[in-house]
Amino acid sequence: MKYKSTRGLNEEVTASQAILNGLAADGGLYIPTQIPRYEITNQRFLNNTYQELAFDIMKPFLEDFSEKELKSCIVQAYDEKFTNELIAPIKKIGSDYYLELFHGPTLAFKDMALSILPYLMTTSLKKQKIKEDVVILTATSGDTGKAAMEGFSDVTHTKIIVFYPKEGVSAIQERQMLTQKGENTFVVGINGNFDEAQTAVKEMFNDKELNQLLANNKLRFSSANSINIGRLVPQIVYYFYAYQQLVLSKEITLGDKINVSVPTGNFGNILAAYYAKKMGLPIETLICASNKNNVLTEFFKTGTYDKNRDFFVTNSPSMDILISSNLERLLATITKGNTQRLNRFMSDLDVQGSYSLEQDEQKELLEFYSGFATESEIETVVKAVFEADKYVIDPHTAVAKKVAEDHQKETNTPLKTVIVSTASPYKFPAVFLGEQVDTDEVEKLHELTGLEIPKSVLELVDLPILHDRVVNVSDMKQSVVSILSL
Ligand SMILES: *Cc1c(COP(=O)(O)O)cnc(C)c1O
């Protein structure tokens, strides 16, 4: 199993090279040359722990890792830093199934992949006998930044620089990042949005002069965003795990089809579900749930991707994105290796901000259902779920719940739908409370719901602020140069 660029560069690399590079040299994203099968009828499937399943699913994707290397990465990643023994438990609430992916150290699903990425990366460094240190350059809409820094904090031979939209994250998200410890972690607020941060970061990856400057200082770039296959592959695991739990609890029978509803921003999490389906997991419909920044809803309904629209800062900020990078990987499947066609889409997106699929290409989108939730719909859903079942969901999860309901109404599907729950409600308490309470939102949420406050949230209050950089988008490159003393 090798990896190649979506954009046609004639070069195949191993998993460890792809993880280290982050992005292919032609600016494309790495995709596996084939998708391995995983038979859910195999003897082990139903008995596997999360860690065992992670090994079975990830092994064929990481062919150049030895068994021992991969096992060691998994054991170090999925340990007590997850506060739930199951790592990714399914909760049956009313007639819904929530896959809770927020029991990691930073309380969002990003921990599922970012707790293992640092180990995959340092193992890759050793395998490739690379003497340079890695500089992880990362754009965040709020959750990746903290999860990546937490993962890479004080990891030898790595430094991490995170850019986040200064006015586009929740108070808790910002505080989590600004209190980050670790000599090798750097956080920079930008006067701009996530898309601008991500675009500037991608430009830096491809900036020859900057890369030369790094090389002169025995450094090289890599990425902790979901453009890195080291993020994507670990995310496939929990879809199989969810299915296993549904079978074990007799909610479904082995072989039954299910739907999954995924709150989507950069199209990383749902792409992992799509890969799980390609591997053989019986998923019928992939429900792509967006917030008011609903560029993907339009794409799946019309075949036209058009980012020329207003950008909204919403109450589900981790999904405030108009350029969903990982869609390029889906396009690679849709265009069936016609990289000329794919390059055309990408340059159209670059130049005019939009591209359109042909009729026959649109057929490939039928595995997806799309929809969106407005801010007030999110608030309504959060309240309704609590009133009905005393279960608290965060605003991103509420988006998935709302669009799953739309799908149910529209299709009357008899299949069970897994709602992917991506963050702890304690990351976004203001949405439940319905108003901006400036004093102790966390306490208030606890009072009203009885939901236990995660330790990492309680500790935040006493941690000192350690970062204070804020720059304009045009100065991001300069700030990298200055942070790294190039
Ligand atoms: C990142 C994030 C999302 C969106 O995930 P993508 O992989 O970017 O589509 C949804 N919810 C939360 C809480 C997130 O942090």
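Terminal number for the sequence shown in this note's numbering: 515, no gaps in between.
Idealized CB from N, CA, C, for every residue including glycine.
Fair warning: this is a prediction, and the values are worked out from it, not measured in the lab.
### Query
Around the Cβ of L154, are there at least 16 other Cβ atoms within 10 angstroms (buried) or fewer (exposed)?
Position 125 of the sequence shown holds residue 154. The residue is buried, with at least 16 neighbouring Cβ atoms inside 10 Å.
### Query
What residues are listed by DSSP as bridge partners for F215?
Against the sequence shown, residue 215 aligns to sequence position 186. Answer by DSSP bridge pairing, in chain order: I190.
### Query
Cβ of F94 within 8 angstroms of Cβ of T152?
Along the sequence shown, read from residue 1 onward, the residue named residue 94 stands at position 65. Along the sequence shown, read from residue 1 onward, the residue named residue 152 stands at position 123. Yes, the Cβ-Cβ distance between F94 and T152 is below 8 angstroms.
### Task
On a CA-only basis, which of T362, M505, P61 and L395 is nearest K330? Give me that one, please.
The count along the sequence shown starts at 1 and reaches residue 330 at position 301. Among T362, M505, P61 and L395, the Cα nearest to that of K330 is on L395.
### Query
With burial defined as no fewer than 16 other Cβ atoms inside 10 Å of the residue's Cβ, what is the status of N355: buried or exposed?
Within the sequence shown, residue 355 is the residue found at index 326, counting from 1. So N355 ends up on the buried side.
### Local conformation of Y148 per DSSP, three classes
For this step, residue 148 is matched to residue 119 along the sequence shown. Here Y148 sits in helix by DSSP.
### Message
ligand 1 and I60: does the residue's C-beta get closer than 7 angstroms to at least one heavy atom of that ligand?
### Response
The sequence position of residue 60 within the sequence shown is 31, counting from 1. The answer is no for I60.
#### Entry: Three-state secondary structure (DSSP) of K33
Counting from 1 along the sequence shown, the entry for residue 33 is found at position 4. In this structure, K33 counts as strand in the three-state DSSP scheme.
### Query
Is S399 near ligand 1, with its Cβ less than 7 angstroms from a heavy atom?
Translated into the one-based positions of the sequence shown, residue 399 becomes position 370. S399 Cβ: outside cutoff for every heavy atom of ligand 1.
### Outcome for D491 when other beta-carbon atoms lying within 10 angstroms are tallied against a minimum of 16
Numbered from its first residue, the sequence shown carries residue 491 at position 462. That one is exposed.
### Query
Leaving out the 5 sequence neighbours to the left and right, which residues in its chain are closer than 6 angstroms to N323 when beta-carbon positions are compared?
Translated into positions along the sequence shown, residue 323 becomes position 294. These residues qualify, in order along the chain: F401.
### Task
Decide if P493 is buried, meaning its Cβ has at least 16 other Cβ atoms within 10 Å, or exposed.
Numbered from 1 along the sequence shown, position 464 holds the residue referred to as residue 493. It counts as exposed.
### Task
Determine the burial state of V104: buried for a count of at least 16 other Cβ atoms within 10 Å of its Cβ, exposed for fewer.
If you number the sequence shown from 1, residue 104 lands on position 75. V104 is exposed by the Cβ-count criterion.
### Task
List in chain order: all unbroken beta strand (DSSP E) runs of 3+ residues lying wholly within the stretch 281 to 356.
287 to 292, 312 to 319 and 333 to 335
### Query
Closer than 7 angstroms: is that where the CB of S517 sits relative to any heavy atom of ligand 1?
Only positions 30 to 515 of the chain appear in this structure, which leaves residue 517 out of reach.
### Query
At a cut of 8 angstroms, does the stretch 310 to 319 reach the stretch 420 to 438 through at least three beta carbon pairs?
The stretch 310 to 319 is in contact with the stretch 420 to 438.
### Query
Taking the continuous alpha helix (DSSP H) assigned at D377, which residues delimit it?
Residue numbering aside, residue 377 sits at position 348 when the sequence shown is read from its first letter. It spans T368 to V380 - the alpha helix (DSSP H) in which D377 sits, taken as one unbroken run.
### Query
How about I119 and H132: are their beta carbons less than 8 angstroms apart?
Along the sequence shown, one-based indexing puts residue 119 at 90. Along the sequence shown, one-based indexing puts residue 132 at 103. No.
### Message
Would M150 and L300 be called neighbours here (beta carbons separated by less than 8 angstroms)?
### Response
Within the sequence shown, numbered from 1, the residue matching residue 150 stands at position 121. Within the sequence shown, numbered from 1, the residue matching residue 300 stands at position 271. Their beta carbons are not under 8 angstroms apart, which means M150 does not touch L300 by this criterion.
### Where the alpha helix (DSSP H) through E404 begins and ends
Taking the first residue of the sequence shown as position 1, residue 404 is located at position 375. Start and end: E404 to D418.
#### Entry: Inter-residue spacing [alpha-carbon to alpha-carbon] between L239 and I159
Locating residue 239 in the sequence shown gives position 210, where the first residue counts as 1. Locating residue 159 in the sequence shown gives position 130, where the first residue counts as 1. Computed Cα separation, rounded: 19 angstroms.
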